[in-house]
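Asker: Numbering (the numbering used here), first residue to last: 102 to 292. Think of the CB as a built atom: it goes at the ideal place given N, C-alpha and C, for glycine as much as any other residue. The structure displayed is predicted, hence computed values, not measured ones. Pasting a structure below so you can have a look.
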Amino acid sequence: MESPVRIVALAGSYRSNSLNQALLAAAAEEAPAHVEVAPFDLRDVPLYDGDLEVAGDPEPVRALKDAVRGADAVLIATPEYNSSIPAVLKNGIDWASRGRPDAATSGKPVAMFGASGGRSGTRRAQEHLALVLSRIGMEPVAGAHLQVASAGAYIEDGIVTSDVLRAEVRNAVETLISAAEARRADLAEAV
């Protein structure tokens, strides 16, 4: 029997009742039984420092790289801060992408979710995120992106309350799963 599809989930916000944490929780709840959506907390990952890297990756960095490398796909949920992605998320991506061409991020299918209370959702942050992810060799999956504007109408107290949004989350996760399974099959054929 084939092992479950594993998706590592990274958030750009860790405040209580985070809209983006709510999206990741909904993704885990809406994923099929053969899929594990595993959140990874980026708060303990130190700021990237080349001297730290030369001395050997700190434990939180090794854990992050292992989580990403061991996953079939990555799901990122980010707010938009000053038209970009939060520092905690960018820092995690920077560390995970080190060691190219065999970086943990190389070739990984990735979905981008984002929620904000504003009218533009997280459009600019996701544009920037897509550029960064493509540059480090990740594969943003068409159809596996969500931009939730005026999110307070759909997410309350850290929980996605809208059936419509839950269906959108489920569809995006299923699209990401398909990409992950296709990549898994391609890697198996290459061996």
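Tell me the rounded alpha-carbon separation between Asn-138 and Gly-171.
Answerer: Here residue 138 refers to the residue found at position 37 of the sequence shown. Here residue 171 refers to the residue found at position 70 of the sequence shown. In the sequence as presented, Asn is not what sits at residue 138; that position holds Val. Answer to the nearest angstrom: the Cα atoms are 12 Å apart.
Asker: Check for me: the alpha helix (DSSP H) holding Val-155 runs from which residue to which?
Answerer: Here residue 155 is taken as the residue at index 54 of the sequence shown, counted from 1. Its alpha helix (DSSP H) spans residues 151 to 156.
Asker: Identify which residue in His-229, Asp-173, Gly-193 and Ser-184 has its Cα closest to the Cα of Arg-284.
Answerer: Working through the sequence shown from its first residue, we reach residue 284 at position 183. Taking only the C-alpha atoms, the option nearest Arg-284 is Asp-173.
Asker: Taking its Cβ as the centre, do 16 or more other Cβ atoms sit within 10 Å of Pro-187, making it buried, or is it exposed?
Answerer: Locating residue 187 in the sequence shown gives position 86, where the first residue counts as 1. Buried, since its Cβ has 16 or more Cβ neighbours within 10 Å.
Asker: Let me know the secondary structure DSSP gives Pro-180 once reduced to three states.
Answerer: As a position in the sequence shown, residue 180 is number 79, starting the count at 1. Looking at Pro-180 - three-state DSSP - the assignment turns out to be coil, as it is neither helix nor strand.
Asker: Go ahead and label Tyr-255 buried or exposed: buried means 16 or more other beta carbons lie within 10 angstroms of its beta carbon, across all protein chains shown.
Answerer: In the sequence shown, the residue the question calls residue 255 occupies position 154. When all chains shown are included, Tyr-255 counts as buried.
Asker: Kindly provide the ranges of any beta strand (DSSP E) runs that are 3 or more residues long and lie completely inside the segment 195 to 266, ordered along the chain.
Answerer: Counting whole runs of 3 or more residues, the segment 195 to 266 contains the beta strand (DSSP E) stretches 210 to 216 and 240 to 249.
Asker: Three-state secondary structure (DSSP) at Val-136?
Answerer: Within the sequence shown, the letter at position 35 stands for residue 136. Correct three-state label for Val-136: strand.
Asker: Helix, strand or coil for Leu-111 per DSSP?
Answerer: As a position in the sequence shown, residue 111 is number 10, starting the count at 1. Correct three-state label for Leu-111: strand.
Asker: Three-state secondary structure (DSSP) at Ser-117?
Answerer: Along the sequence shown, read from residue 1 onward, the residue named residue 117 stands at position 16. Correct three-state label for Ser-117: coil.
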